[in-house]
Structures are given as structure tokens and as C-alpha cells.
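Visitor: Heads up: the sequence lines are chains A and B, in that order. Here the numbering used here is used: position 125 in the first sequence is 125, and no number is missing along the way. Convert by adding 348 to the 1-based position in the second sequence; the result is the number in the numbering used here. Ideal placement from N, C-alpha and C gives every residue a C-beta, glycine not left out. This structure is a prediction, so every number in the text was calculated from the model and none was measured. One structure, pasted below without further comment.
2 protein chains.
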Amino acid sequence: MNNLVISIDAMGGDNSPRVVIEGLALAAKKNPDTKFLLFGDEAKVLPILNEYPALKKVCSVHHAPEMVHNEDKPTAVIRNRNTSMYMAIDAVRRGEASAVVSAGNTGALMAISKMVLKTIQKIHRPAIVSIMPHRFGRYVMLDLGANTECSSINLAEFAMMGDILAKHALGIERPRVALLNIGAEEMKGKEEIRQAAHMIKNSRMNIDFIGYIEPHEIPEGRADVIVADGFTGNIALKSIEGTAKLVVRILKDNIKKSFLAKLGIPFLLGVMLRVKKTMDPRLYNGAMFVGLNGLSVKSHGGTDALGFSVAVSNAAKLVRQNFVATIREEVEKVDLDELSQEVIYEVY
Amino acid sequence: MNNLVISIDAMGGDNSPRVVIEGLALAAKKNPDTKFLLFGDEAKVLPILNEYPALKKVCSVHHAPEMVHNEDKPTAVIRNRNTSMYMAIDAVRRGEASAVVSAGNTGALMAISKMVLKTIQKIHRPAIVSIMPHRFGRYVMLDLGANTECSSINLAEFAMMGDILAKHALGIERPRVALLNIGAEEMKGKEEIRQAAHMIKNSRMNIDFIGYIEPHEIPEGRADVIVADGFTGNIALKSIEGTAKLVVRILKDNIKKSFLAKLGIPFLLGVMLRVKKTMDPRLYNGAMFVGLNGLSVKSHGGTDALGFSVAVSNAAKLVRQNFVATIREEVEKVDLDELSQEVIYEVY
Chain A
1 MNNLVISIDA
11 MGGDNSPRVV
21 IEGLALAAKK
31 NPDTKFLLFG
41 DEAKVLPILN
51 EYPALKKVCS
61 VHHAPEMVHN
71 EDKPTAVIRN
81 RNTSMYMAID
91 AVRRGEASAV
101 VSAGNTGALM
111 AISKMVLKTI
121 QKIHRPAIVS
131 IMPHRFGRYV
141 MLDLGANTEC
151 SSINLAEFAM
161 MGDILAKHAL
171 GIERPRVALL
181 NIGAEEMKGK
191 EEIRQAAHMI
201 KNSRMNIDFI
211 GYIEPHEIPE
221 GRADVIVADG
231 FTGNIALKSI
241 EGTAKLVVRI
251 LKDNIKKSFL
261 AKLGIPFLLG
271 VMLRVKKTMD
281 PRLYNGAMFV
291 GLNGLSVKSH
301 GGTDALGFSV
311 AVSNAAKLVR
321 QNFVATIREE
331 VEKVDLDELS
341 QEVIYEVY
Chain B
349 MNNLVISIDA
359 MGGDNSPRVV
369 IEGLALAAKK
379 NPDTKFLLFG
389 DEAKVLPILN
399 EYPALKKVCS
409 VHHAPEMVHN
419 EDKPTAVIRN
429 RNTSMYMAID
439 AVRRGEASAV
449 VSAGNTGALM
459 AISKMVLKTI
469 QKIHRPAIVS
479 IMPHRFGRYV
489 MLDLGANTEC
499 SSINLAEFAM
509 MGDILAKHAL
519 GIERPRVALL
529 NIGAEEMKGK
539 EEIRQAAHMI
549 KNSRMNIDFI
559 GYIEPHEIPE
569 GRADVIVADG
579 FTGNIALKSI
589 EGTAKLVVRI
599 LKDNIKKSFL
609 AKLGIPFLLG
619 VMLRVKKTMD
629 PRLYNGAMFV
639 GLNGLSVKSH
649 GGTDALGFSV
659 AVSNAAKLVR
669 QNFVATIREE
679 VEKVDLDELS
689 QEVIYEVY
């Protein structure tokens, strides 16, 4: 494919547009088949872009007079067509780009993406997905916060989209898909989770559904796709991130206090760097909004050039593999609405 | 107080009754004011108890012909009055003991405790609470799984009970109480959480309510009491536990692979042991069921004698401080039912 195009919100994130452009320069090297539409304040973007002549050749810059700020409420900016974020997303709607990447305001990015790109027909709700590390590899988790409350249909759809994402992004042939719950027994947890389990098992979705997974089993790599409502997924995600940081910090705090331990550091430096690399959040940067007509990717606002480039490369990879089209095809095969009525009938 | 009595399910847990009795021996040394009622299979309990003459002096053994097994469903055992668990709980109802400790089946312990001890008048739902470590100290978290779905009243009551527990068990004069949520902004999260926030702020509960807390902020020690519904609390708890183990395991895996790192171990051993001690789950053993007429404490089923003794000592401490009576008094001061109607009026 020669015409892979990704549109970029140059103004999103803490150190934009510099970090965005530096990240793009890295991504361009890794993705020679990709072109970029860059939306932002020309006066700020162009001088930096001039520092990267190789990138400049595969970029077209489009002036955006305004930008979305971190403190803006989604409702306040959703209809402002003059922001770099809106214009970058709109390029996907117009078919000029196949994906959009922004490091800006998450709520605004989700709201504008939903309004502009629209949800894929027959998909009820889009979800936020991330790729995360477990002990032996990587897994996909969704929804991470797009939908505070979810029905069983929503969860079943997330399972299907997560399955496709794990195949495409992680190259896992037959991903093991699990629903996040507080117990392994069939009657544990919430009604909608139990219904979703029933639905996935009895649908024509051809996925390897392994049942429920509890949060402490996630790091052991028991599943490749973890499905949850957006509230629960977000709680689990932030608990995992917070604890990983805490343990490392407790270790550091204690090493600093001990003269003897400091002497041991040279021996352990290699291991520490390797562990740090395994868990490096930059390598897992990029939460994807899936279920929309077009891929919208949110980079962490505080990431650096490497982190931003990972988000862009992930987006490019999914576009190359026709991720959105695959979801559309799969939805066609399964009528979840019909199925949900059966479920309700059987459960009550 | 000379007559502090705690009843013990001698048959609960993986290596009962040995671990239970060994744990009691440790607890008895630390709590010379406490007597124990031991319920279990006499033929198994007495020979082990004979090994601990000091403990034997403060124990009375009561034969229980049956026991609750780990795989038993709560519904199947809830009315069986011949199990050591039931009999131990019933001793609290009869006023013969002030608290019960069991390392047995959690679901059964909760179900029987609720049925036998009953919920404190005006408290709508009991909760499971644990004390956990953060970077600078300890905090209280509830509900950890008793109630999958919670109303705003339930959450407000948990806040109140958590506040009292943090004062009593952690000795914090004015605990900072927070609701677990996926964002700090007032409009984030679920309806019932927002309503609970409103309720706590506007009630006559005299607690230091600091608003919402996100899971990644917990390890930083931003709050002393974290309130959540049982599903969310359980998800957060298991995510935290799983990740802490994962990080330590990744470190170990990598150290094993590296000759150089192994050389560094002697230098870091002190630090590692200190970190291990800070995070030692045995020191945080004992999930308390609060909101009942009497304290019911669940020890981890796989813990050792030290772990079991911590659960017993925690129970004794709370009995000494009249924990249950304090909750009763506080509930009298605040009419949450009345308040909830105001909230509904104001929110809609």
C-alpha cells in the first residue's frame, strides 16, 4: 500500500507541536509507506518541521486557527470546527486519512471522534482500547473509559472488537478472550457480565472465549483480550499503573536509604534497565477508539517523541490490516440484537 | 477490660486446625486480656492445643460435628447449625464473644454472619473492609466484595464506617475519606457515586471528605479511607495485589537470568527484605465485615500462623475500642434515608 495516510493533531499534548513533530519524524522512518496530514498553527508547526526535511517530504501542513485545551469541556469544543483536533478527525471522515492521532484532551477527542466519524453500523458503542504488558507478552484491554455503564450487548461487541485487535495488532492467531469479573464461578458478578458471557458463548462469534478473569490473573497472561465496562476497565487500568509505579518507588526509596544497597546497584543496573524497558509505558502508548468509521488514536499527553511515534505506528499497522473493515465484516455475521432477546428470554 | 472474648472457627483455612491454633498462640501472647472460644472437631483440635499450654489456659474448646468446606455454596451451608463456622458466629449473637475470626469460605462466612448477627439498625448493608499499605502508611478500603451493586446511601454508610475504622484501627485522628472514581471532576463516574458525594458533603456526618480519588492515587497515600461499591473495590484490590506480585516476579525472573545481577544480591538483600516486610500480606491479613451486630473477621485461607494472629489481634483491637457501638452511635446521629430524599430532589 502506498497511500496510507494518517492525520495528526499537531497541537495536542503537553509539549506540542515539538514532541508531536519529533515523534512523527521517528514514525516516518519506521513507516515509509505512510503520509501525514498535519493540522495546527502553521506559525508554530512549520519552523519545527523545517528541522526534519525527510519528514517534511511526507507531510502536508494544514493551518488550524484554534486548538482544544486540556481544561476544555468536551461539550464546549465539540462543534468548533476550527480546532486542530476537529480538523484532523474530519480528514478521516472526508476519506483523506484512514486514522487520526492526537495527544490532546481525551474527552474531547472521544466526543468529536464519535460525532464526526460515527459508530459503525450495528455497533452500539465505541470503546477505548489499550495494549498492555503481562508477564509473558502483551494483551488487549477494553473498554478503558468510553462507557461508564455497559449492557451485555456492548460487552459482547467489545469482545469481538478486542478479538480482532489482538489478531491484527498482536499477531495472535486465536486470542483467548475473557470477561473481567470478581470471581471465576458462573454466578459471580453483575447481571450484564453474566448475560454477556452467555451471549458470547451462544453467538456465532467465532472467538475463543475462556470465561471470567479476575484482575490478579491478568499479569499472569491468562488471556489475550480482557473485556470490561468502561468504569471497571478504567479502575483496573489505573490500579495496575499506580501499583507498578509504587513498587518501583518503594524499592528506590529503600535503596537510597541504604549505603550497602547503593554498592549493589552496578551489578543490578542491567536487570533494572531491562525491567524498565519491559514496563516502559512509552512502548504501550496509544489508546485506540474502536467501533468508529475510522480509527482514532489517543496518545498520552505527557509522552515524549518515542511514545508518540509508537501511537502513530500502531495506528498505521491497524490501517494496513484493514482493521475497521474487518470489524464491519464481523458485525455483519452476528446479529447481537437478535441474540440479546434470546438471552433475556433464557436468563429470566 | 478483662473479659474480651473472641470466638474462633478452628476448622477454616487451608491447614486448619494447626495454623489456626499456632496463630492463636501468637495472638494470645500479644493480647493477654483476651480469651478464646474455639469451635471445631475436638479430636483434631485438642491434641494440637495440648502443645500450647499457655494458650490452652485462655481457650475453651467447643465440639462442632461438621465444617464448611471451601467449595460449599453459601446457600447450601447457611442454615447448618452444626458447622464450626456457624457455631463460632452464633457465639457472638449469644453475647458470649464480641468478635469471630475464620479463615474459611468467604461467601459462607459473609452469608452466615449476615443472617445470624443481622445488620445494625439503620445500616442498610454490611461491607467488607481491609487495611492496606500505601507509600507512607496504611489506609482502609471498603467495600471489597460484599455488595456487587451499591446505592448512594450504601456508599455514604461505608464512608462513615470506614472513617470510624480508620480512627480506631489506624489511630488517625481525622481520616481523609474519598470515593473511588475514574476522574476528579465533579461530573465524572456513576450517578450513585456523584449522589453519594453530595450526600456525604451535606450530611451531618462529621468526616473529612476530600472528594474523588482515582486508583493510581491510592498508593501515594492521598486518602486514609477509600470507599467503593463491592464490585469496584474488589476489582481495584485484586488489580493492586496482582500487579505488586507481577513487578516483584519480573524483577526476580530477570535477576535469575543474569550472573552479574546475582553478584549484586548480597548488597541489596537488606533492602529487599525491608520492602518485602513493608508489603508482607500477612501483616495486612483480616478482612472485616462491618455493619453487623458484632465483628466478623475473615482471615486469608492460605495464610500462616503469623497472618492468622494479625487477623485476631485486629479483631481484639476493634473490640477494645467499642467499634461496633461507635458505629451504632454515629448512625443515630445521621438519618441517611431522609438525606437521600433531599439528594434525589436536588439532583433531578
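In the DSSP assignment, the alpha helix (DSSP H) including B/Y434 goes from what residue to what residue?
Guide: Per DSSP, B/Y434 belongs to the alpha helix (DSSP H) from 432-441.
Visitor: Could you give the uninterrupted runs of the alpha helix (DSSP H) lying entirely in the segment 255-308 of chain A, keeping only those of 4 residues or more?
Guide: Listed in chain order, the complete alpha helix (DSSP H) runs (minimum 4 residues) inside the segment 255-308 of chain A are 259-279.
Visitor: Going by DSSP, what residue range makes up the beta strand (DSSP E) through A/V129?
Guide: Unbroken beta strand (DSSP E) run through A/V129: 127-133.
Visitor: Measuring only from the beta carbon, is A/K114 closer than 6 Å to any heavy atom that is part of the ligand FAD?
Guide: Here there are no bound small molecules, and the ligand FAD is not part of this structure.
Visitor: Curious, which full-length beta strand (DSSP E) runs of at least 3 residues does the segment 146-226 of chain A contain?
Guide: If we require 3 residues or more, the beta strand (DSSP E) runs fully inside the segment 146-226 of chain A come out as 176-180, 208-213.
Visitor: Leaving out the 5 sequence neighbours to the left and right, which residues in its chain are closer than 7 Å to B/N428 when beta-carbon positions are compared?
Guide: Closer than 7 Å at the Cβ level, and outside the excluded window around B/N428, lie E414, Y434.
Visitor: Report the start-end ranges of each alpha helix (DSSP H) in the segment 21-66 of chain A that is 4 residues or longer and not cut off at the edges.
Guide: Runs of the alpha helix (DSSP H) inside the segment 21-66 of chain A: 42-49, 53-57.
Visitor: For the segment 147-172 of chain A, which residues have a beta carbon sitting closer than 8 Å to at least one beta carbon of chain D?
Guide: Within the model displayed, chain D is absent; protein chains A and B are what it includes.
Visitor: Taking the alpha-carbon positions, what's the B/T580 to A/N206 distance?
Guide: Roughly 30 Å between the two C-alpha positions.
Visitor: Rounded to whole angstroms, what is the Cα-Cα separation between A/V334 and A/L24?
Guide: Cα-Cα distance, rounded: 38 Å.
Visitor: Could you work out which residue in A/L38, A/Y139, A/G264 is closest to A/G221 when comparing CA atoms only?
Guide: When each option's Cα is compared against that of A/G221, the closest is A/Y139.
Visitor: Taking its Cβ as the centre, do 16 or more other Cβ atoms sit within 10 Å of B/Q301, making it buried, or is it exposed?
Guide: The displayed coordinates of chain B run from 349 to 696. Any statement about residue 301 of chain B would go beyond what the structure contains.
Visitor: Between A/V312 and A/L318, what straight-line distance do the alpha-carbon atoms span, to the nearest angstrom?
Guide: Those two C-alpha atoms are separated by around 10 Å.
Visitor: Are there 16 or more other CB atoms within 10 angstroms of the CB of B/A494, so buried, or fewer, so exposed?
Guide: Per the 10 Å Cβ criterion, buried.
Visitor: Closer than 8 Å, Cβ to Cβ, to anything on chain B: give me those residues from the segment 170-199 of chain A, in chain order.
Guide: Taking 8 Å as the Cβ-Cβ cut-off against chain B, the residues of the segment 170-199 of chain A that qualify are L180, I182, G189, K190.
Visitor: Once DSSP output is grouped into helix, strand and coil, what is the label at A/V5?
Guide: Reduced to three states, the DSSP call for A/V5 is strand.
Visitor: Does any C-beta atom of chain B lie closer than 7 Å to the C-beta of A/G301?
Guide: It does not: the Cβ of A/G301 has no partner Cβ on chain B nearer than 7 Å.
Visitor: Where does B/L640 land, buried or exposed, given buried means 16+ other C-beta within 10 angstroms?
Guide: So B/L640 ends up on the buried side.
Visitor: Rounded to whole angstroms, what's the CA-CA distance from A/D229 to B/D577? Just pull it up for me.
Guide: Going by the C-alpha atoms only, they are around 15 Å apart.
Visitor: Tell me the DSSP secondary structure of B/V679 in three-state form.
Guide: Helix, per DSSP.
Visitor: Between the segment 247-264 of chain A and the segment 170-184 of chain A, can you find at least three pairs of beta-carbon atoms closer than 8 Å?
Guide: Contact fails: fewer than three Cβ-Cβ distances are below 8 Å.
Visitor: Please confirm whether B/K681 has its beta-carbon closer than 7 Å to some beta-carbon of chain A.
Guide: For B/K681, the answer is no, since every Cβ of chain A falls outside 7 Å of its Cβ.
Visitor: Do you know whose CA, among A/V275, A/F267, A/K262, A/R274, lies nearest B/G618's CA?
Guide: Answer by Cα proximity: A/K262.
Visitor: Comparing the C-beta of A/V227 with each C-beta of chain B, is any distance below 7 Å?
Guide: It does not: the Cβ of A/V227 has no partner Cβ on chain B nearer than 7 Å.
Visitor: How would you call B/G650, buried or exposed, if buried means at least 16 neighbouring beta carbons within 10 angstroms?
Guide: Classification for B/G650: exposed.
Visitor: With a threshold of 7 Å between beta-carbons, can A/R274 be considered close to chain B, or not?
Guide: Closer than 7 Å: yes.
Visitor: Within the 7 Å Cβ cut-off, does B/N453 reach chain A?
Guide: No, no contact with chain A.
Visitor: Classify B/R427 as helix, strand or coil using the three-state DSSP reduction.
Guide: Looking at B/R427 - three-state DSSP - the assignment turns out to be coil, as it is neither helix nor strand.
Visitor: Please list, in chain order, the residues of the segment 291-317 of chain A that have any C-beta partner in chain B closer than 8 Å.
Guide: Listed by position, the residues of the segment 291-317 of chain A near chain B (Cβ gap below 8 Å) amount to none.
Visitor: Would you mind reading off the limits of the beta strand (DSSP E) that contains B/S450?
Guide: Segment 447-450, the beta strand (DSSP E) holding B/S450.
Visitor: Answer with yes or no whether the minimum CB distance from A/P74 to chain B is below 7 Å.
Guide: No, A/P74 lies away from the interface with chain B (no Cβ there is under 7 Å from its Cβ).
Visitor: If you follow the beta strand (DSSP E) that B/L490 is part of, which residue opens it and which one closes it?
Guide: Where B/L490 is concerned, the enclosing beta strand (DSSP E) stretches over 486-490.
Visitor: Using a 10 Å radius around the Cβ and a threshold of 16 neighbouring Cβ atoms, would you call A/P215 buried or exposed?
Guide: The residue in question, A/P215, is buried, as its Cβ has 16 or more Cβ neighbours within 10 Å.
Visitor: Taking Cβ positions, are A/S84 and A/D9 nearer each other than 7 Å?
Guide: In this structure, A/D9 lies closer than 7 Å to A/S84 by Cβ.
Visitor: Report the rounded CA-to-CA distance for B/L503 versus B/E539, giving the unit in angstroms.
Guide: Each residue's alpha carbon lies about 12 Å from the other.
Visitor: Residues of the segment 593-615 of chain B in Cβ contact with chain A at a cutoff of 9 Å, in chain order, please.
Guide: Correct list: K593, L594, V595, V596, R597, I598, L599, D601, N602, I603, K605, S606, L608, A609, K610, L611, G612, I613, P614, F615.
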